[in-house]
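See below for the structure under consideration.
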Amino acid sequence: MLDNDKDRSKSFSRRAFVVGAAQGALLTVLGGRLAWLQIVQGRKYETLSDKNRINTKMVAPSRGEIVDRFGVPLAVNNQNFRVLIIPEQAEDLEQSLKNLARLVDLSDNRVQKILKESQKSSSFVPLEVTDSLDWDEVAKIEVNMTDLPGMSIDEGEIRNYPFEEATGHLIGYVGAVNKAELEDGDNVLSLPGFRIGKTGIEKAFDKPLRGAAGNSQMEVNVIGREVRELGADKSKDGERVALSIDAELQRYVQQRLSEEKSASAVIMDSQTGAIYAMASHPSFDPNLFIRGIDTERWQDLLSNPAFPLNNKAISGQYPPGSTFKMVTAMAALEGGFSSKNTSVKCTGYYEYGADRYYCWKRGGHGTVNLLTSLMKSCDTYYYKLCTEVGIDNIAKMARRLGLGQRYNFDLREERPGLIPDKEWKLARESKPWRPGETIIASIGQGYMLTTPLQLAVMTSRLVNGGRAVEPWLVGYLGHKNLHPEGNWPSIGLNQNHLKSIKRGMDLVVDHKDGTAHSSQIEEPDMKMGGKTGTAQVKRLSRADRLKGLKNEDVQWKLRDHALFVGYAPMDNPRYVCSVVVEHGGGGSSVAAPIAKDILTMAQKRNPASTKIKVS
Amino acid sequence: MKINTDTTWAYKIQHLGWGLVILIGVVASVGFLSLYSAAGGNIDPWASKQMVRFAVGVGGMFIVALIDVRWWYRLAYPMYLGALALLVIVEIMGHVGMGAQRWINLGFIQLQPSEVMKIAVVVALAKYFHAATPADMKSIRFLLPAAFLIMLPVGLVLLQPDLGTSLMIIMAGITMFFLSGAPIWMFLLGGGLVLASLPLAWMFMHDYQKQRVMTFLNPESDPLGSGYHITQSKIALGSGGMDGKGFLQGTQSRLNFLPEKQTDFIFTLWAEEWGFMGGVFLLAILGAIFVYGASVSLKCRHAFGRLMAMGLTVNFSLYVFINIGMVMGLLPVVGAPLPLVSYGGTSMLAALFGFGLILSCNVYRDSKLPRM
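For the protein sequence lines, the chains are A and B, in the order given. Heads up, the first sequence stops at 1817 in this note's numbering, and the numbers go up one at a time, no gaps. Heads up, the second sequence stops at 522 in this note's numbering, and the numbers go up one at a time, no gaps.
Shown next, in the form of structure tokens:
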């Protein structure tokens, strides 16, 4: 029995050892697994753990301000309260929205739009319900928060344009990001309710104005509630954009143009290219787009025949009419086809081949030379001259003076205009250029198209000693000077020729027989020079002419455009302006008085005497 | 049968096995710290209750330890029958919890009869095999009743249904057979049969059990569904690294990414905050407990004590392996607590009862038990 007991004990010990060894092995497995998870793969799981608990939220940057040369704000950010909703936190999204609609103005349309949006995006992404709430509305919502599950009030910024219509085209406006724009890859665009520049400076300088989003790292628990902030990289606010514009002058020009049905004007510095004012009438209040424009007003803007949404100063393309005569004259002088003293006898028309080309003045101007042809704007002089010079020389000169091209400057809405030549005609119509077309082109008619900005640049180059000045609007981007005052290169024109042309333009206003004499500026040190132009939209037929049909009798859309390019002071031109009154009639009677007023104002304010203020 | 009282109480207390008591205290303290942390640095609601239970349980453990092992020998079958009766009762009128009927509400405690049964079956088998001769151990007729002792409660627990506990009872029972000297071929045959019957078992499994097995096999297949527990637990463990995130700094648990952090996943919480060092420390202490239990068993002069001490030690270790293996993603999620550490009354009391019995074997290692 005792032996039996001993045997059993031995057998038990053996087997207990086996069991113990198994336990030891299993413990080792656990320890090994722990080492695998915590030491070998620790990094990976640490990352996963951080991914779990850290929710990175973007912090919106403030959009950069846009100011005029004196620092007067043209586009600023106002405090804005808006309501956001996180669909997953709203038990019943539609009910929440309906409850909100009882408190603040929220259209059915908007509700439907939000519901649609909510189906497209993840349910934890906040959606903007409404914005630009005032204090009363915010208070009302705060009090009723319990009926509005999932909603929160967010204090943000909203763009405001203090100069309203006066800077509508120039500054442009911002709007919601659309799908195509989202593709630019900037993460800031995915912020709820982020606005992006749509037109004007807001569009052209959108990237620097945007700034960069910051990140705020929030520790969140398993249901996504924020527990605490772990850290934040501050957002980088957008750059301040300081324009060459003089806001008061801008406002004045806008007002002055509003006396006409449809007009645009540019005032620039003939030396530097700085634009002091650029206006297009009719305009629009960009703030309308910020608050959300209603359909009715939108339709009004779209259907208005004067195209209020277009910045006609850079995108309106008009035949330059007689303002082009300087180009033809310069081409003739430079090409050696004429001199200052070349004279032509104007009998009221010019015969070329079988055709008769009429001067605007019935009966003719008698004998005219270069100076008097500009002063009196005699067409016949140019008809005669151009047949020798040829269209290609004229077109080359036009381009040297800045016509028929985009400057790719600070606005995107710029159009190139058109300077036709033989090659162009052949390419476009597969027909050779006809000499008669040169005659029409010599007085800025026919195919030729220019923008008011191009006309201002052309005039600047003629009166600044032939330097290739180009226009610009943005002086400083943040602290960076985009246009350090530098001399523009010469375009290589004979100084005497330039002087002759300028003398002719002086006489247009200064001489009693000049076409714009009635618009002369009385103050001796503010005198203006320039050139009138009347661009035909529809050629009056000979029969109409004989009937004595006047411009005023024609349907508005078919009336002539009134143009004027001018500069002041006459002896040392600094300010150059161009004015185009669409279907306004005669350049001397309609456009020149406007130029007189805005050049007077420009000289009085004299923005050129003040450097652009850096922040 | 006469019960010896030939040693003094002072001697008994002195030879209680204080080393084991201290190890148990250390493990329980790991539990208190973890529960304090699970409550976000708060003694309530878990740590405080757990400490009270531990105090009560340790008191009970001492009483159990000081009761002569011969009494336990006598009580072995009545205890088994009592546990069996409780299992039947829970089956009939048990409350529904976690989709399975497992508790009897005694007012102060949610009694889980299967926990009692895990101990009772070991004690009963220890008694059954106490006087077995080598010849008995080769006789099917002798072994069959013992098999019934195992299969009866297993059947009832499976009805609950609680696959995890049934498997643990089976494994504890098999260990008892093995320790008692059953022939090796039986285990090989048994193992073969189990493998062969796995497909059949699969058919009888509840959907949630199948789901758990499936997610165990590939937890990443469903990271937000059933695999969530395992995935989050692995993230918590792994992110603890070598030194851990620091006491009260476990982000996975504090931010509730870790489910059931105060019960089944408490080891994860511990190892997230104290790292590999803390995890290995706890494993080492648990290993020391296994060694201590085995040494008590080996020093015991009677077969009943040897079998019971070793059986209960294995029982405890099974808990440890299943729980920690589960939170590390080595085993499917079966819902087994880590005894002494996890928040919960029954598992704490059951574990301490088991240790009380082991200590009793230690104190009364020289007692003379009748031989049949």
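Backbone N, C-alpha and C fix where the C-beta goes; we use that ideal spot for every residue, glycine too.
Tell me which residues share the same chain as residue 151/B and place their Cβ nearer than 6 Å to its Cβ, disregarding the 5 neighbours each side in the sequence. Note on residue 151/B: pLDDT 39, under 50, position unreliable in the model; the coordinate value appears next. So the list reads 520, once near-sequence residues are dropped.
Is there a Cβ from chain A that is less than 8 Å from the Cβ of residue 413/B? no
Going by Cα to Cα distance, which pick from 1555/A, 1307/A, 1662/A and 1360/A is closest to residue 1473/A? 1662/A
Residue(s) in a DSSP beta bridge with residue 1281/A: 1359/A
So residue 319/B packs on residue 271/B, CB below 8 Å; how close in whole Å? 6 Å
Identify the residues that DSSP records as bridge partners of residue 1354/A: which are they? 1286/A
Give the residues of chain B in contact with residue 1429/A, contact being defined as C-beta atoms less than 8 Å apart. 405
Bridge partners for residue 1674/A per DSSP, in chain order? 1476/A
Against chain B, with Cβ distances strictly below 8 Å, would residue 1482/A count as a contact? Cβ-Cβ to chain B under 8 Å: no for residue 1482/A.
Out of 1301/A, 1609/A and 1207/A, which has the shortest C-alpha to C-alpha gap to residue 1659/A? For residue 1659/A, the closest C-alpha among the options 1301/A, 1609/A and 1207/A is that of 1609/A.
Taking the beta strand (DSSP E) that residue 1769/A falls in, what are its first and last residues? 1763–1770
Report yes if the CB atom of residue 1823/A is closer than 8 Å to the CB atom of residue 1596/A, and no otherwise. Outside the displayed range of chain A (1203 to 1817) lies residue 1823/A, so it cannot be described from this structure.
Starting from residue 518/B, trace the beta strand (DSSP E) in both directions and tell me its first and last residue. It is not in any beta strand (DSSP E) - residue 518/B carries neither H nor E in the DSSP assignment.
Can you check whether the C-beta of residue 1225/A is within less than 8 Å of a C-beta belonging to chain B? yes
Cβ-based neighbour list, residue 248/B, same chain, cut-off 8 Å, excluding 5 preceding and 5 following: Because residue 248/B sits at a pLDDT of 46, beneath the cut-off of 50, its placement in the model cannot be relied upon, and the point is left open.
Kindly give me the distance between the Cβ atoms of residue 1679/A and residue 1611/A, rounded to whole angstroms, as I take these residues to be in contact under 8 Å. That pair is no contact at about 14 Å.
Run down chain A in chain order and give the residues with a C-beta less than 7 Å from the C-beta of residue 456/B. 1214
Based on DSSP bridge pairs, tell me the residues matched to residue 1551/A. 1560/A
Please list the terminal residues of the continuous beta strand (DSSP E) segment that includes residue 1398/A. Where residue 1398/A is concerned, the enclosing beta strand (DSSP E) stretches over 1397–1399.
Between which two residues does the alpha helix (DSSP H) harbouring residue 137/B extend? Residue 137/B cannot be examined here, being either before or after the span of chain B that is shown, 151 to 522.
Over what stretch of residues does the alpha helix (DSSP H) that includes residue 214/B continue unbroken? 196–216
According to DSSP, is residue 1690/A part of a helix, a strand, or is it coil? Note: residue 1690/A maps to coil in three-state DSSP.
Would you kindly report the start and end of the unbroken beta strand (DSSP E) that includes residue 1779/A? 1777–1783
Which one of 275/B, 307/B and 392/B has the shortest CA to CA distance from residue 294/B? 275/B
Can you list, in chain order, the residues of the stretch 381–395 of chain B whose Cβ is nearer than 9 Å to any Cβ on chain A? If you check each beta-carbon in the stretch 381–395 of chain B against every beta-carbon of chain A, the ones closer than 9 Å belong to 381, 382, 384, 385, 386, 387, 388, 389, 390, 391, 392, 394 and 395.
Using the Cα positions of residue 341/B and residue 348/B, report the straight-line distance between them to the nearest angstrom. 11 Å
Could you tell me which chain B residues have their CB closer than 8 Å to the CB of residue 1241/A, listed as they occur along the chain? 391, 392 and 426
Suppose the cutoff is 7 Å on Cβ atoms and the five residues either side in sequence are ignored; what does the same chain contact list for residue 1656/A look like? 1604, 1605 and 1619
Check whether the Cβ of residue 1248/A lies closer than 8 Å to any Cβ atom in chain B. When Cβ-Cβ separations below 8 Å define contact, residue 1248/A makes contact with chain B.
By Cβ distance below 7 Å, which residues in the same chain neighbour residue 1705/A in space, the five residues on each side in sequence not counted? Closer than 7 Å at Cβ, skipping near neighbours: 1573.
Chain-ordered residues of the stretch 453–485 of chain B with a beta carbon less than 7 Å from chain A: 453, 456, 460, 464, 467, 471, 474, 475, 478 and 480
Closer than 7 Å between beta carbons: that is the criterion. Which residues of the stretch 1248–1282 of chain A meet it against chain B? Under the 7 Å Cβ criterion, the stretch 1248–1282 of chain A contributes 1248, 1250, 1251, 1254 and 1255.
Would you say residue 444/B reaches chain A, if we count a Cβ-Cβ gap shorter than 8 Å as a contact? yes
Run through the DSSP bridge pairs and tell me what residue 1471/A is partnered with. 1777/A
Is the beta carbon of residue 1377/A closer than 8 Å to that of residue 1403/A? No; because the gap between Cβ atoms is not below 8 Å, this pair is not in contact.
Alpha carbon to alpha carbon, what distance is there between residue 1408/A and residue 1578/A? 47 Å
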